[in-house]
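Residue numbers (our numbering): 211 to 727. The C-beta atom is built at its ideal place from N, Cα and C for all residues, glycine as well.
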């Protein structure tokens, strides 16, 4: 057969199988064959050979929860309108987060080959059209890996839901929306959430939900401040697990009423995990997503000296009890969690417009947690953390690893050419080091490729790391160095989910008019 590339002698992992000592033949960016002893055509002079040396080969990671080129002021104050103009970020010299170039550079260095990022409609954005146009310009030609968009809906007017949303699906191939039950610039009331779910069901797209009870958070924050409990650690105090569990249950109730699929994003603890599991046992189209920070960190990380704990402030917060970590691991193993994403929401620490904003409103050297921009970096460490701390630690199988990092994300979010290793699929590959040749190391931020000045996983030991990352058959990361070209990444138009659909079962005689046949 005529191959551009043959990857030799690898242990090929899919969500269902491991094929030992296999070759992968690639032509024009696609996998043409998987088998033993693949040979190049004729003299083979034009065929590149890459020897995996008996290492594992997994599908390139698909990270479906990545924030790039967004303005995180919206998480802590009253930024209410999209600030991007003509595809440019305002005051880029003082920008504190990852852009598409630095974020996707970091992604490929960690074995991720596709990211789905967010186009963000804020409260006063009356239409999705300029939002879509601006984010498209922002990302165009700026990615090392393939990418797509979710749409954040914060102003779901009749026009947005009946005109803009169908246009978004048809013109841009965006088949998922995200809604928030918290944050002033994003938060929707239950009535508005039902409106969004009604429209999403009609269009056959997936609704992602950030589930936290905003009123409880506001009440707790006010009363914590009155008692001078404002250090970074008390971000978690303001959002106890029940805050997430209640909102998770409420989101599921609304979705069941509307008979529409939902994904609960970045689930952090056992209570919410159990709520999702109970819904799944009733065969509701409910999916869960979790993140490495909830598997590998505890709330102690927010108790670091001085203001250092701000580095680990994210929402939902990292939990206090090891039992919550155990519940998340169990949820991965038993299928409660469909995907593992990074929720890469990076913001610099040592910058007056970054995490240090939490010191602007008093509170002494520990500041006030409610003014700390939420989020932490993780797109580069997601895949290696789960491989090292999950597979190599014996917590999960290599097949489960592939399922939650690549195969399920591709199915859930409509990426039919990605997510597994087989003929006809994009040659997106992560080739690991042979285990016997790898020397474990403790991570430092200087080793990473993002634009952020810290990692929450500083000092964590890694027992392996991606050796090569291939995007559509091209090596973009090789032995610690990003070798791909900026702009190689392609925008991915997505199809509807093949993993989830309405059941056509309703709680009463009412049903959407469009569902009456």
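When the distance is taken between beta carbons, is residue j closer than 8 Å to residue i?
{"i": "residue 413", "j": "residue 389", "result": "no"}
{"i": "residue 445", "j": "residue 523", "result": "yes"}
{"i": "residue 623", "j": "residue 274", "result": "yes"}
{"i": "residue 262", "j": "residue 217", "result": "yes"}
{"i": "residue 477", "j": "residue 505", "result": "no"}
{"i": "residue 450", "j": "residue 582", "result": "no"}
{"i": "residue 752", "j": "residue 308", "result": "No information on residue 752 is available, as it lies outside the stretch 211 to 727 that the chain covers here."}
{"i": "residue 728", "j": "residue 370", "result": "Only positions 211 to 727 of the chain appear in this structure, which leaves residue 728 out of reach."}
{"i": "residue 251", "j": "residue 211", "result": "yes"}
{"i": "residue 678", "j": "residue 641", "result": "yes"}
{"i": "residue 559", "j": "residue 520", "result": "yes"}
{"i": "residue 223", "j": "residue 609", "result": "yes"}
{"i": "residue 440", "j": "residue 573", "result": "yes"}
{"i": "residue 316", "j": "residue 660", "result": "yes"}
{"i": "residue 549", "j": "residue 499", "result": "yes"}
{"i": "residue 606", "j": "residue 542", "result": "yes"}
Ordered along the chain, which non-local residues of its own chain (more than five positions away) have a Cβ less than 6 Å from that of residue i?
{"i": "residue 425", "result": "none"}
{"i": "residue 667", "result": "591, 653"}
{"i": "residue 384", "result": "359, 361, 378"}
{"i": "residue 710", "result": "471, 495"}
{"i": "residue 323", "result": "270, 355, 638, 681"}
{"i": "residue 575", "result": "516"}
{"i": "residue 530", "result": "509"}
{"i": "residue 555", "result": "277, 585"}
{"i": "residue 455", "result": "481, 482, 485"}
{"i": "residue 398", "result": "389"}
{"i": "residue 724", "result": "412"}
In chain order, what residues of the same chain lie with their CB nearer than 8 Å to the CB of residue i, ignoring the 5 residues before and after it?
{"i": "residue 382", "result": "342, 346, 359, 703"}
{"i": "residue 534", "result": "451, 478, 479, 480, 504"}
{"i": "residue 295", "result": "344"}
{"i": "residue 464", "result": "400, 403, 404, 407"}
{"i": "residue 493", "result": "713"}
Do you know whose CA, among the options, lies nearest residue i's CA?
{"i": "residue 730", "options": "577, 603, 323", "result": "Not covered by the structure: residue 730. The range shown for the chain is 211 to 727."}
{"i": "residue 460", "options": "269, 403, 657, 480", "result": "403"}
{"i": "residue 387", "options": "416, 372, 697, 297", "result": "416"}
{"i": "residue 467", "options": "408, 268, 613", "result": "408"}
{"i": "residue 589", "options": "548, 662, 541", "result": "662"}
{"i": "residue 665", "options": "518, 475, 380, 219", "result": "518"}
{"i": "residue 475", "options": "469, 391, 511", "result": "391"}
{"i": "residue 600", "options": "430, 501, 626, 705", "result": "501"}
{"i": "residue 741", "options": "225, 226, 214, 280", "result": "Outside the shown range of the chain, which is 211 to 727, sits residue 741, and nothing can be said about it."}
{"i": "residue 372", "options": "580, 713, 337", "result": "337"}
{"i": "residue 220", "options": "267, 648, 259, 227", "result": "267"}
{"i": "residue 544", "options": "613, 448, 627", "result": "613"}
{"i": "residue 238", "options": "716, 683, 695, 707", "result": "683"}
{"i": "residue 706", "options": "395, 305, 376, 225", "result": "376"}
{"i": "residue 226", "options": "617, 621, 232", "result": "617"}
{"i": "residue 546", "options": "602, 429, 491", "result": "491"}
{"i": "residue 326", "options": "553, 567, 605", "result": "553"}
{"i": "residue 357", "options": "328, 365, 366, 333", "result": "328"}
With DSSP run on the structure shown, which of helix, strand or coil describes residue i?
{"i": "residue 642", "result": "strand"}
{"i": "residue 689", "result": "coil"}
{"i": "residue 522", "result": "helix"}
{"i": "residue 471", "result": "coil"}
{"i": "residue 433", "result": "helix"}
{"i": "residue 258", "result": "strand"}
{"i": "residue 569", "result": "helix"}
{"i": "residue 277", "result": "coil"}
{"i": "residue 408", "result": "helix"}
{"i": "residue 671", "result": "strand"}
{"i": "residue 720", "result": "coil"}
{"i": "residue 218", "result": "strand"}
{"i": "residue 444", "result": "helix"}
{"i": "residue 586", "result": "strand"}
{"i": "residue 608", "result": "helix"}
For residue i, collect the residues of the same chain with a Cβ closer than 7 Å to its Cβ; drop the 5 residues on either side in sequence, then sort them by chain order.
{"i": "residue 644", "result": "263, 264, 265"}
{"i": "residue 650", "result": "671, 672, 673"}
{"i": "residue 526", "result": "422, 449, 454, 476, 478"}
{"i": "residue 629", "result": "269, 272, 616, 617, 619, 620, 621"}
{"i": "residue 339", "result": "374"}
{"i": "residue 427", "result": "392, 448, 449, 453"}
Could you tell me whether the Cβ of residue i comes closer than 8 Å to any Cβ of chain C?
{"i": "residue 390", "result": "Given the protein chain composition of this structure (a single chain), no chain C is represented."}
Query raised in the report: Can you find at least 3 beta carbon pairs, one from the stretch 667-678 and one from the stretch 580-594, that sit closer than 8 Å?
Result: Counting C-beta pairs with one atom in each stretch, the stretch 667-678 and the stretch 580-594 have three or more that are closer than 8 Å, which means they touch.
Query - Three CB pairs or more closer than 8 Å across the stretch 627-643 and the stretch 226-243 - result: For the pair of segments examined, the stretch 627-643 was found to touch the stretch 226-243: the number of CB pairs separated by less than 8 Å reaches three.
Query raised in the report: Taking one C-beta from the stretch 714-723 and one from the stretch 673-690 each time, how about it: are there three or more such pairs within less than 8 Å?
Result: No, because fewer than three Cβ pairs between the stretch 714-723 and the stretch 673-690 fall closer than 8 Å, the two stretches do not touch.
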